[in-house]
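Participant: If you read the protein sequences in the order shown, they are chains A and B.
Letter by letter, the first sequence follows residues 73 to 208 of the numbering used here.
Letter by letter, the second sequence follows residues 389 to 599 of the numbering used here.
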Amino acid sequence: MVTLQFVPYTEIESLSSIGRIRKLLNIAKENKIVLLQGRLKKEEEAELIKTTMEEVNKDFKGIELAVIYPEQKKKKDSAFNAMRNTVVNYVLGDRAGFTIIGPATIVKQIKQDPDKIELLTEEAKRKKTKKQKHNI
Amino acid sequence: MLSIVKKFINKVFSNVFRVKKHVKLGLYGPPNGGKTTLANRICQDWLGENMGSVSNIAHETREIQIKEQINIKKDGKELSFNLVDTPGIATKIDYEDFLKHGMKEKDAKVRAKEATKGVIDSIKWLDDMDAVIIVLDSTKNPYSQVNVTIIGNLEARKIPVLICANKTDLKKSDVKKIKAAFPQYDVVPISAKYAKGMEEFYEGLFVLVGK
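1. Counting only Cβ pairs nearer than 9 angstroms, list the residues of chain A close to Phe529 of chain B.
2. Could you work out which residue in B:Lys497, B:Val523 and B:Gly592 is closest to Ala338 of chain B when comparing CA atoms only?
3. Along chain A, in chain order, which residues have C-beta atoms closer than 7 angstroms to that of Asn541 of chain B?
4. Taking only beta-carbon atoms, is Thr537 of chain B less than 8 angstroms away from chain A?
5. Run the proximity test for Leu524 of chain B: is its beta-carbon closer than 7 angstroms to any non-hydrogen atom belonging to the ligand ZN?
6. Distance, Cα to Cα, Tyr582 of chain B vs Ile105 of chain A?
7. If I measure Cβ to Cβ from Gln533 of chain B and keep anything under 8 angstroms in the same chain, skipping five residues before and after, which residues do I get?
8. Quick one, which of A:Glu194, A:Gln181 and A:Thr193 has its alpha-carbon nearest Asn529 of chain B's?
9. Out of curiosity, what's the CA-to-CA distance linking Ile90 of chain A and Tyr81 of chain A?
10. In the DSSP assignment, what residue or residues form a beta bridge with Phe469 of chain B?
11. Report yes or no: do the region 111-127 of chain A and the region 183-194 of chain A share at least 3 C-beta pairs separated by less than 8 angstroms?
12. Less than 8 angstroms between CB atoms is the rule here; does Ala196 of chain A satisfy it with respect to chain B?
13. Which stretch, first to last residue, makes up the alpha helix (DSSP H) that contains Phe170 of chain A?
14. Would you say His489 of chain B faces chain A, with C-beta separation under 8 angstroms as the test?
15. Considering only their Cβ atoms, is the gap separating Ile454 of chain B from Trp434 of chain B smaller than 8 angstroms?
16. For the beta strand (DSSP E) that contains Ile583 of chain B, what are its first and last residues?
17. In angstroms, rounded to a whole number, what distance separates the CA positions of Ser441 of chain B and Leu96 of chain A?
18. At the 8 angstroms Cβ level, is Gln533 of chain B part of the contact set with chain A, yes or no?
19. Can we say the region 412-426 of chain B touches the region 510-518 of chain B, given the rule of at least three CB pairs closer than 8 angstroms?
20. Just the Cα atoms here: how many angstroms apart are Leu107 of chain A and Glu543 of chain B?
21. Counting only the same chain and skipping the five closest in sequence on each side, list residues whose C-beta sits under 6 angstroms from that of Asn428 of chain B.
22. Starting from Thr425 of chain B, find everything on chain A with Cβ-Cβ shorter than 8 angstroms and list it in chain order.
23. CA-CA distance, Asp463 of chain B and Lys555 of chain B?
24. Among B:Val575, B:Thr537, B:Lys559 and B:Ile547, which has the Cα closest to the Cα of Pro418 of chain B?
25. Consider the Cβ of Leu137 of chain A: report whether some Cβ of chain B lies at a distance smaller than 8 angstroms.
26. Enumerate in chain order the residues of its own chain whose CB-to-CB distance from Thr424 of chain B is below 6 angstroms, with the five nearest sequence positions on each side excluded.
27. If I follow the unbroken alpha helix (DSSP H) through Phe486 of chain B, where does it start and stop?
28. Secondary structure at Phe78 of chain A, three-state DSSP: helix, strand or coil?
29. Quick check: what's the CA-CA separation for Cys552 of chain B versus Ile521 of chain B?
30. Taking the continuous beta strand (DSSP E) assigned at Asp525 of chain B, which residues delimit it?
31. Mapping the DSSP letters down to three states, classify Gln572 of chain B as helix, strand or coil.
32. Could you tell me which residues DSSP puts in a beta bridge with Glu136 of chain A?
33. Does the Cβ of Gln572 of chain B have 16 or more other Cβ atoms within 10 Å, making it buried, or fewer, making it exposed?
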C-alpha cells in the first residue's frame with residue numbers, strides 16, 4: 073500500500089527554509105509520498121537534496137523528487153498565456169504547481185514528461201519484480 | 389585605490405587580447421552523464437593527459453577533481469581556466485545498485501557512502517563556479533528534477549550555463565528532446581568518448597565564458 077500525504081502550502085509558508093525541508097523530509101522518512109501544494113525555492117530544492125544525502129543510511133536510501141509548475145511551459149505558450157501565467161505566479165507565488173517527494177524505498181522512479189508525472193513504485197523487497205505504475 | 393587601477397588595467401588588457409584568466413569552469417550533471425569523459429577529452433586535447441577514471445558503474449567520480457591552468461587557443465582567441473569535475477548529483481543512493489554490477493558488499497557500501505558525500509560537495513561547490521557545463525546523457529529523459537534543480541540553482545546564482553547533450557554516438561540519443569526541455573540554453577551535441585562535436589563545444593565554451 074502506498075500512502076500519499078497532502079501538504080497545503082499554508083503549512084510550510086511561515087517556516088524557514090530549514091524548517092520546510094525538515095518537515096517534508098520527515099514525512100518522506102515515514103515512508104509516505106509527499107504531495108506538496110506549490111514548490112520550494114530553487115535554493116531549497118538543492119538544499120533538500122543535500123540534506124537528503126546527509127541522512128542516507130541503511131534504512132533511508134534517499135528520495136525521488138518531481139516538480140510541476142506552469143513556468144516550465146512558458147516558452148511554448150502564446151503571449152496571452154505567458155501573461156496569464158505571469159499574473160498567476162505573481163498572485164499565487166510558490167503555490168502554483170505541486171511537488172512530489174517520495175522515499176526511494178517506495179518510489180522506484182518518477183518519470184516527468186513535462187506536464188505528466190508517472191510514479192513507479194515498488195511494493196516490498198520480497199516482491200522485487202512487481203512494479204506498480206501510477207499516473208498523476 | 390591602487391587595486392582598483394590594477395583591476396581596471398587587467399580588465400582592459402584582458403579584453404584587448406581576449407584572454408580570460410582563472411575562470412573556474414565546473415562540470416555538473418547527473419551520474420553517468422559523461423562528465424569525467426568530457427573532462428578527460430578536454431585535458432587530452434590541451435594537456436595531453438587524463439583527469440580521472442571513468443566507469444559504467446554510476447558514481448565513479450566521488451570527489452571534486454580540479455585540473456588547473458588549461459589553456460585553449462582558437463581563432464586568435466585564448467581562454468585559460470581551472471576545470472572542476474564534480475561527482476554526479478543524485479537524490480538517492482543505494483549500495484545494492486552497485487552489487488548488481490558484481491561489486492562486493494563491503495566495497496559497495498563504501499562507494500555508496502563516498503557517493504553521498506560527493507553529492508553534498510558538488511552542491512556546496514555550486515557557488516564557487518564562474519561558468520558551468522551541464523553534461524547530460526542524451527539517451528535519457530532530460531525532464532528529471534535533478535537537472536531542473538541544478539540548472540535552476542545556477543540561474544538563481546547568475547552563473548552562465550552551457551548544456552552538453554553527450555553520448556550522441558548511441559542510437560537512442562535524442563538531442564531534440566534536450567533542446568525542447570531547456571529552450572532558453574545553448575545545447576551542444578557531443579560524443580566526448582569519440583571526440584565528436586568538440587569544435588562546436590569549444591566555440592560554445594568561448595561564448596559561455598565571455599558572458
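From the three backbone atoms N, C-alpha and C, an ideal C-beta is built for every residue, glycine too.
Facilitator: A quick look at the data gives this:
1. The sequence given here places Asn at residue 529 of chain B; Phe does not occur at that position. Near Asn529 of chain B (Cβ distances below 9 angstroms), the residues of chain A are Lys183, Gln184 and Asp185.
2. The shown model of chain B, from 389 to 599, leaves out residue 338 of chain B, and the question about it has no answer.
3. Chain order gives the chain A residues near Asn541 of chain B as Lys114, Glu115 and Ala118, where near means a beta carbon separation below 7 angstroms.
4. Using a CB distance cut-off of 8 angstroms, Thr537 of chain B counts as an interface residue toward chain A.
5. For the ligand ZN, the structure offers nothing, since it holds no ligand at all.
6. Going from the Cα of Tyr582 of chain B to the Cα of Ile105 of chain A covers about 42 angstroms.
7. Closer than 8 angstroms at Cβ, skipping near neighbours: Thr479.
8. The option with the nearest alpha carbon to Asn529 of chain B is A:Gln181.
9. Taking the straight line joining both Cα atoms gives about 15 angstroms.
10. Phe469 of chain B is bridged by DSSP to B:Val411 and B:Ile458.
11. With a cut-off of 8 angstroms, the region 183-194 of chain A and the region 111-127 of chain A do not count as touching, because too few Cβ pairs lie within range.
12. Confidence is the limiting factor: at Ala196 of chain A the pLDDT is only 45, short of 50, which leaves the residue's position unreliable, though a coordinate-based value still follows. Taking Cβ atoms only, chain B never reaches closer than 8 angstroms to Ala196 of chain A, which makes this a no.
13. Here Phe170 of chain A belongs to no alpha helix (DSSP H); instead the beta strand (DSSP E) covers Phe170 to Pro175.
14. Chain A, which has no Cβ nearer than 8 angstroms to the Cβ of His489 of chain B, makes this no.
15. The Cβ atoms of Trp434 of chain B and Ile454 of chain B lie no closer than 8 angstroms to each other.
16. Correcting the residue identity first, residue 583 of chain B is Ala in this sequence and not Ile. In this chain, Ala583 of chain B is not harboured by any beta strand (DSSP E), its DSSP state being neither H nor E.
17. Ser441 of chain B and Leu96 of chain A have their C-alpha atoms some 37 angstroms from each other.
18. Yes, Gln533 of chain B lies at the interface with chain A (some Cβ there is under 8 angstroms from its Cβ).
19. Touching, yes.
20. Spanning the two alpha carbons is a distance of roughly 26 angstroms.
21. The residues Asn438 and Met439, in chain order, have a CB closer than 6 angstroms to that of Asn428 of chain B in the same chain once the five nearest residues on each side in sequence are set aside.
22. What Thr425 of chain B touches in chain A: nothing, since even the nearest Cβ is about 23 angstroms away.
23. Straight-line spacing of the CA atoms in Asp463 of chain B and Lys555 of chain B works out to 27 angstroms.
24. It is B:Thr537.
25. The beta carbon of Leu137 of chain A sits closer than 8 angstroms to some beta carbon of chain B.
26. Short of 6 angstroms from the beta carbon of Thr424 of chain B, and not among the five residues preceding or following it, lie these beta carbons of its own chain, in chain order: Gly440, Val442, Thr449 and Asp473.
27. Following the DSSP letters along the chain, one finds Phe486 of chain B inside the alpha helix (DSSP H) bounded by residues Tyr483 to Leu487.
28. DSSP places Phe78 of chain A in strand when its eight states are reduced to three.
29. Cα-Cα distance, rounded: 7 angstroms.
30. Per DSSP, the continuous beta strand (DSSP E) segment holding Asp525 of chain B begins and ends at Ala519 to Asp525.
31. Looking at Gln572 of chain B - three-state DSSP - the assignment turns out to be coil, as it is neither helix nor strand.
32. Per DSSP, A:Gly174.
33. Exposed, since its Cβ has fewer than 16 Cβ neighbours within 10 Å.
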